[in-house]
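Residue 81 in the UniProt record's numbering sits at position 81 of the sequence shown; the count goes up by one each step and never skips.
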Amino acid sequence: MDVAGRHVGLLSGFGIGGPAAASIAEEAIAAGARRVVSIGGAGGLCIGQVPGDVVVCDRAVRDEGVSHHYLQSERYVRPDMELTSRLIDAVKERGRRVQVGGTWTTDAVYRETREEVLSYRDEGVLTVEMEAASLAAVAQYRGVAFATGLVVMDSLAEESWEPKGLADAASYKALNDLFDAAVAVLAVG
Numbered sequence: 001m002d003v004a005g006r007h008v009g010l011l012s013g014f015g016i017g018g019p020a021a022a023s024i025a026e027e028a029i030a031a032g033a034r035r036v037v038s039i040g041g042a043g044g045l046c047i048g049q050v051p052g053d054v055v056v057c058d059r060a061v062r063d064e065g066v067s068h069h070y071l072q073s074e075r076y077v078r079p080d081m082e083l084t085s086r087l088i089d090a091v092k093e094r095g096r097r098v099q100v101g102g103t104w105t106t107d108a109v110y111r112e113t114r115e116e117v118l119s120y121r122d123e124g125v126l127t128v129e130m131e132a133a134s135l136a137a138v139a140q141y142r143g144v145a146f147a148t149g150l151v152v153m154d155s156l157a158e159e160s161w162e163p164k165g166l167a168d169a170a171s172y173k174a175l176n177d178l179f180d181a182a183v184a185v186l187a188v189g
């Protein structure tokens, strides 16, 4: 799509998880992408988070497989901080409060244990999802800027899973605002 005279590519519907996301990122980068902004839903790990809360990630826990094929194995992979800062600003410009912190990227759908949730939450990890660490690693390896924004869709903060936001209008409004923010960030030179 053309936004303010700049070409912005939008990719969706490519599947779930790190391998699918990494594959599409590789193809976009091979086609000329120099900045990648990922948006999506995530599970909230913190008490008080509600569906529709926006989180911009400053690091991703590498509890998946893809990132380890791109970068030396370490606990975290970090996004490009300049692009991340611009995404934070763009979200705020749309009247949204932004939480900034880590995300936990895992390949294991519905296998988050209570102990893991509490441990990650204690180190400032705000969400759990399935793509951020993989995408950040691909981008870093390929030398392109990457940022990710997430919308809390459900909660793992309490003793039992709370899937309230999976069909919540507030979550989808937040995703739309996050989408607009991502497009605005990518449209700037």
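Ideal placement from N, C-alpha and C gives every residue a C-beta, glycine not left out. Note that the coordinates shown come from a computational prediction; the quantities given were computed from them, not determined experimentally.
Less than 9 Å separating the beta-carbons of T105 and V61?
The answer is yes: Cβ separation under 9 Å.
Under DSSP, the beta strand (DSSP E) around D63 begins and ends at which residues?
Run containing D63: 54-63, per the beta strand (DSSP E) assignment.
For the segment 131-142 against the segment 65-81, are there 3 or more C-beta pairs whose distance is under 8 Å?
Touching, yes, given that three or more Cβ pairs across the two stretches are closer than 8 Å.
Along the chain, which unbroken stretches of the beta strand (DSSP E) at least 3 residues long are found entirely within the UniProt domain "Nucleoside phosphorylase" (11-164)?
Runs found: 35-44, 54-63, 98-106, 125-129, 145-155.
The alpha helix (DSSP H) spanning V183 covers which residue range?
First-last of the alpha helix (DSSP H) with V183: 169-187.
Go ahead and label Y120 buried or exposed: buried means 16 or more other beta carbons lie within 10 angstroms of its beta carbon, across all protein chains shown.
Buried, by the Cβ-count rule.
Are three or more beta carbon pairs between the segment 26-34 and the segment 71-90 nearer than 8 Å?
Judged by Cβ distances under 8 Å, the segment 26-34 makes no contact with the segment 71-90, as fewer than three pairs qualify.
Under 9 Å, do P51 and V125 count as touching if we go by C-beta distance?
In this structure, V125 does not lie closer than 9 Å to P51 by Cβ.
With a cut-off of 8 Å on the beta carbons, I'd call T148 and S73 a contact; round off their distance for me.
Between S73 and T148 the Cβ distance is about 20 Å, and since that is not below 8 Å, they are no contact.
When you compare the segment 88-98 with the segment 180-188, are there three or more beta-carbon pairs, one atom per stretch, that lie closer than 8 Å?
Yes, since at least three Cβ pairs between the segment 88-98 and the segment 180-188 fall closer than 8 Å, the two stretches touch.
How about G48 and D154: do their beta carbons lie closer than 9 Å?
No, these two residues do not count as a Cβ contact at 9 Å.
Quick one: residues in its chain with C-beta nearer than 7 Å to the C-beta of I16, no 5 flanking neighbours on either side, listed in chain order?
If we look at I16 and ignore the five residues flanking it on each side, its Cβ neighbours are M130.
Using the C-alpha atoms, what's the distance from G102 back to R59?
Looking at the two C-alpha atoms, the distance is approximately 5 Å.
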